[in-house]
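Let me begin by presenting the structure, written as structure tokens, before commenting on it.
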Amino acid sequence: MTSDWWRGCVIYQIYPRSFQDSNGDGVGDLPGILARIEHVANLGADAIWLSPFFTSPMADMGYDVSDYKNVDPLFGSLKDFDTLIDHAHNLGLKVIIDQVISHTSDKHPWFAQSKASGSNPRADWYVWADPQADGTPPNNWLSVFGGSAWEWNSSRKQYYLHNFLTSQPDLNFHNPDVQDAMLDVLRFWLERGVDGFRLDTVNFYFHDQQLRSNPALVSKDNEPAVNPYEMQVQKYSKNRPENIGFLKRIRTLLNEYDAITSVGEVGESLNAIKIMSDYTRDNDKLHMAYSFDLLGPQFTADHFRSKVEQFEQGAPDGWPCWSFSNHDVPRHVSRWAGHAISQEAIARQSIALLATLKGSICLYQGEELGLPEADILFEELTDPPGIRFWPEYKGRDGCRTPMPWEAGQAPNGFTTGTPWLPVKPPHTALNVQSQLHDENSTLSFYKKILAFRKARPALISGDIRFIDTPEPVLAFTRSGNGEAHLCIFNLSTTKVKVVVDDIKTLALSPLSQAASSTCAHSGCEKLHLEANGFAIFDLPETGPTNTSKLPNVEFKPKTQLQPA
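Residue numbers (my numbering): 310 to 873.
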């Protein structure tokens, strides 16, 4: 691969606890990943992203790190990691690892030293603040996981900042020593051969040093949110301009090594696309970034188009990474069920859309099987915010359940012991083994569409141009490198027809689903899209830059057909 292999690449996220257990303790581990990694290579991915496997008390399932330079014994050893990375490289897979550097565990030696006094060498490594005159926290900042973002420490007689759990104190990136320490962590893993980093909560590194309170977010319905965090504009607790300088320092370090990439997670609900643009433009900060804009409930043509166009306008030279599912949100097969005639239909339409958008794409383990969100009982929960906000918010355990590898009874080859989360019957039925032998399975379709994408440079790195069509049709062209493609999606459960100029001259991909055409008149043809149908056309060659010959597309609802 070239140094810019990451442009248009397919990244497969592995959640180590749930991928494969090798020793029967019910928790996935690095040797387990080694045993199953050929599944990822055979799928057609270019890289794996490993969620945290570092030493941790596991209060937040590894996103609370107590030793950044070691592997938690639950997952294996550094030797296991070295073996895994070598095998991945032999399979042609790049290895991206999570880096959770905005905060540490409260069990980290740095925090133990910092909280001991206000005068030790690491006293200023975390965000400490005096109470107000009445003893309350210094401002109104809230935690993502509920409650105040400030926790009292009796040793220092001060509050410390935690944007997440109280056991996840935030580091003070205004201190250059903290920045240096984190760059040293990145260098440690670069020297071990990793190909890049996924930077957790990349917009949380810096805070307002004046500790100004966040303004209120006025709700349209004036109803309190399930989590009060959503009732503020986090103007001062994150998204600070000082972040840009540190991201440039990270990029300078990464540029010392060959073919390294970075992808930042932008945890923001209001201005995420703008932040993505700011963090990836000018080729001197992050290589890629993703937000939660396509990880929510919205499933409309306008939503998809507006988010992609906003990024293109904000960072013409930047590069996005799009995903529909990950370890923090309900699986999209369930999240978008109201817009689908079946789980299989939405799974196929979703990957076809993701594979044809401009940008790199990130797949989450199990989505290639069409796994829905698992229904986890309260007594089965392990996720702190799920436990806190149940039942209005059921947490993240439902998307983190173990992979169903083999046919038969649960846990379907994941472990010989009791799995840390249960494998539910709907997942058992969608196991890897059964789908491998079914040419019509969701897994088989994923392989085909990813191979289709990889064989067409325009889909990997070409330009994107949206075509004006009202809901529920999303239409766009991808062009570049002497080729062009027309992609049309019916994002509804209602049959529609679309008129495409000279459609008879276009080659309809056999991967198109629920799509057919009939001749209306000379030089024009109607494309019929069933519910959740989509069509991908190979267009006549346009040359490297000429897109003037791309066809016009006109949407006409087929009103005589009732919703399916």
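Here a beta-carbon is modelled for each residue, glycine too, at the ideal position from N, C-alpha and C.
Tell me whether residue i sits in a helix, a strand or coil according to DSSP, three-state version.
i	result
Lys424	coil
Thr856	Interpretation of Thr856 is limited by its pLDDT of 42, a score under 50 that renders its predicted location unreliable; no figure is taken from the coordinates.
Arg507	strand
Met712	coil
Gln875	Outside the displayed range of the chain (310 to 873) lies residue 875, so it cannot be described from this structure.
Asn740	coil
Leu480	strand
Ala568	coil
Leu883	Only positions 310 to 873 of the chain appear in this structure, which leaves residue 883 out of reach.
Ile342	helix
Gly573	strand
Phe384	coil
Ser826	strand
Trp498	helix
Phe328	helix
Thr364	strand
Ala534	coil
Phe613	helix
Val349	helix
Leu678	helix
Pro720	coil
Ser452	coil
His372	Note that residue 372 corresponds to Tyr in the displayed sequence, not to His. If DSSP states are grouped into helix, strand and coil, Tyr372 belongs with coil.
Trp419	helix
Val319	strand
For residue i, report the span of its beta strand (DSSP E) as first-last.
i	result
Glu460	459-462
Gln408	403-408
Ser788	782-789
Phe775	772-776
Ala356	356-359
Leu379	Before going further, note that residue 379 is Asn rather than Leu in the sequence given. First-last of the beta strand (DSSP E) with Asn379: 376-380.
Glu792	792-799
Asp810	805-810
Val642	It is not in any beta strand (DSSP E) - Val642 instead sits in the alpha helix (DSSP H) that spans 641-644.
Ser753	Looking at the DSSP string, Ser753 is not in any beta strand (DSSP E); the run it does join, the alpha helix (DSSP H), is 751-763.
Ile670	669-673
Measuring CB to CB, does residue i end up less than 9 Å from residue j?
i	j	result
Thr802	Ala840	yes
Asp389	Asp338	yes
Glu715	Gln674	no
Trp450	Tyr545	yes
Asn481	Trp434	yes
Phe608	His648	yes
Pro485	Thr413	no
Lys547	Phe513	yes
His837	Lys806	yes
Arg614	Leu783	yes
Ala683	Lys763	no
His794	Ala767	yes
Ile598	Val575	Here residue 598 turns out to be Ala, not Ile, going by the sequence shown. Yes, the pair counts as a contact, with Cβ atoms nearer than the cut-off.
Lys594	Ile553	yes
Gly771	Ser788	yes
Phe775	Glu618	yes
Ala661	Phe798	yes
So the alpha helix (DSSP H) residue i belongs to, where does it begin and stop?
i	result
Leu470	Looking at the DSSP string, Leu470 is not in any alpha helix (DSSP H); the run it does join, the beta strand (DSSP E), is 467-470.
Asn552	552-563
Ser659	652-665
Ala598	Note, Ala598: premise wrong, no alpha helix (DSSP H); beta strand (DSSP E) at 597-600.
Ile685	First-last for Ile685: undefined, no H or E at that position.
Mark residue i as exposed unless 16 or more other C-beta atoms lie within 10 angstroms of its C-beta, in which case mark it buried.
i	result
Asn399	exposed
Ile320	buried
Asn749	exposed
Trp315	buried
Gly401	exposed
Pro694	buried
His746	exposed
Pro625	exposed
Gln408	buried
Asp777	exposed
Thr751	buried
Val809	buried
Check whether the region 455-470 touches the region 424-434, taking contact to mean three or more Cβ pairs, one atom from each stretch, closer than 8 Å.
-> When Cβ pairs closer than 8 Å are counted between the two stretches, the region 455-470 is seen to touch the region 424-434, the count reaching three or more.
Taking 8 Å as the threshold, find out whether the region 328-345 comes into contact with the region 717-730 through three or more Cβ pairs.
-> yes
Is the region 702-722 close to the region 485-496, with three or more CB pairs under 8 Å?
-> With fewer than three CB-CB distances shorter than 8 Å, the region 702-722 does not count as touching the region 485-496.
Three or more C-beta pairs below 8 Å linking the region 323-332 and the region 353-361 = yes
Would you check if the region 689-707 and the region 658-678 touch, i.e. whether three or more CB-CB distances between them fall below 8 Å?
-> no
The region 338-352 in contact with the region 592-608 per 3-pair CB rule at 8 Å = Segments in contact, no.
Take every Cβ of the region 562-582, pair it with every Cβ of the region 503-523, and state whether three or more of those distances are shorter than 8 Å.
-> yes
Is the region 620-629 touching the region 576-591 in the sense that three or more CB pairs, one from each, lie closer than 8 Å?
-> yes
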